[in-house]
Amino acid sequence: MPKDLQKSRTRSRVADTGWEPAAVYRHLDRLTGIAERAGIEVVRVSAGDIRADALDPRHRFASMPLFTLGPNGERGMARRQCTSEYKIKPIKAEVRRRLDYPHPRRVPAGVRAEVAIGISLDEIGRARDSDVAYMHNVHPLLDVGWRRTDCLRFLAEHGLADTPKSSCVGCPFHDDGFWFALREHSPQEWADAVAFDRSIRNGSARANADGHPMRGQFFLHRQRVPLDEVQLRPRPQPTEAPGCGPWSCPHGEPVTGDAGRGEVA
Numbered sequence: 001m002p003k004d005l006q007k008s009r010t011r012s013r014v015a016d017t018g019w020e021p022a023a024v025y026r027h028l029d030r031l032t033g034i035a036e037r038a039g040i041e042v043v044r045v046s047a048g049d050i051r052a053d054a055l056d057p058r059h060r061f062a063s064m065p066l067f068t069l070g071p072n073g074e075r076g077m078a079r080r081q082c083t084s085e086y087k088i089k090p091i092k093a094e095v096r097r098r099l100d101y102p103h104p105r106r107v108p109a110g111v112r113a114e115v116a117i118g119i120s121l122d123e124i125g126r127a128r129d130s131d132v133a134y135m136h137n138v139h140p141l142l143d144v145g146w147r148r149t150d151c152l153r154f155l156a157e158h159g160l161a162d163t164p165k166s167s168c169v170g171c172p173f174h175d176d177g178f179w180f181a182l183r184e185h186s187p188q189e190w191a192d193a194v195a196f197d198r199s200i201r202n203g204s205a206r207a208n209a210d211g212h213p214m215r216g217q218f219f220l221h222r223q224r225v226p227l228d229e230v231q232l233r234p235r236p237q238p239t240e241a242p243g244c245g246p247w248s249c250p251h252g253e254p255v256t257g258d259a260g261r262g263e264v265a
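Each residue of the sequence shown is one higher than the one before, starting from 1 at the first, in UniProt numbering.
See the structure below:
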């Protein structure tokens, strides 16, 4: 590894939504072993199981960017709160705890943690500083001028060419290539996604339990039909798209739709 990437890193934080593909958890276990041998602690933080929470009528559901279909055929997307609730917030809470200033204690000026984020030159527009003073974002891949192809080459050279993308199994941003591979190679996870898609058709469990169902219907797939009825058409990708990271989700903010209030709960 280039010396510029070997800056002192004694701790790595992973935000676990509880619904990553099995391949991601296997890879995380592998990386944890590699990190331990290098003297790096891997800390897994979590705000809960996003899938279980969405289906729990007693739990507030952080809106996912589900595809919406209104009563009169209006097409849109629900708000995206899941990244903030299940990735950014638990990482911030852990940083504050490590700094010894857990919420609601005020972090004094000048006390901050350095957070390295893996954004490559391909997505330099997403490189920005933190929105809180107690965290300072740095971007080591930009410092050494690496693109995504450089990262993939480095992984392949070190026996990690099979590194999977991190994202929830039921993320609406998946393309047909992901859904096709899931259906063909991970039937249990496919069945799980199909069942979840069916369960959120009329909005979140809590909204329905409270007697406030959303107008319209909600879907995991952009065709706005049940997932197991979609005619999947995988297309070759010029380069592998990045996964979903706390500060580097490759997708823009979804446009609020007309189904209900434009949100699941």
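Where is the CB? At the ideal position from N, CA and C, for every residue including glycine.
CA-to-CA distance, L141 to T32, given in whole angstroms
21 Å
Is any beta-carbon of chain D found at less than 8 Å from that of V194?
Included in the structure is just one protein chain, with no chain D present.
Pick helix, strand or coil for L66, following the three-state DSSP scheme.
coil
P234 vs F154 beta-carbon contact at 8 Å
no
Counting pairs of beta carbons, one from the region 167 to 180 and one from the region 210 to 228, are three or more of them closer than 8 Å?
yes
Local conformation of E114 per DSSP, three classes:
strand
Looking at the unbroken beta strand (DSSP E) that takes in V138, where does it start and where does it end?
M135 to V138
Just list the alpha helix (DSSP H) runs in the region 124 to 173, keeping only unbroken ones of 4 residues or longer that don't cross its boundaries, in chain order.
Counting only runs that start and end inside the region 124 to 173, the alpha helix (DSSP H) elements of at least 4 residues fall at 140 to 143 and 148 to 157.
Taking DSSP as the reference, what is the three-state secondary structure of L5?
Summary for L5: the model assigns pLDDT 40, below 50, so the residue's position carries little reliability, and this model does not support an answer.
Supposed close pair V45, I91 - CB separation, criterion 8 Å
So it is a contact: roughly 6 Å between Cβ atoms.
Between residue 271 and the rest of its own chain, which residues show a CB-CB distance below 6 Å, the 5 nearest in sequence each way excluded?
Examination of residue 271 is not possible in this model, given that the chain is present from 1 through 265 alone.
Is the beta carbon of P226 less than 8 Å from the beta carbon of R198?
yes
Starting from E36, trace the alpha helix (DSSP H) both ways and give me its first and last residue.
A22 to R37
When the Cα atoms are used, what is the spatial distance from I117 to A22?
23 Å
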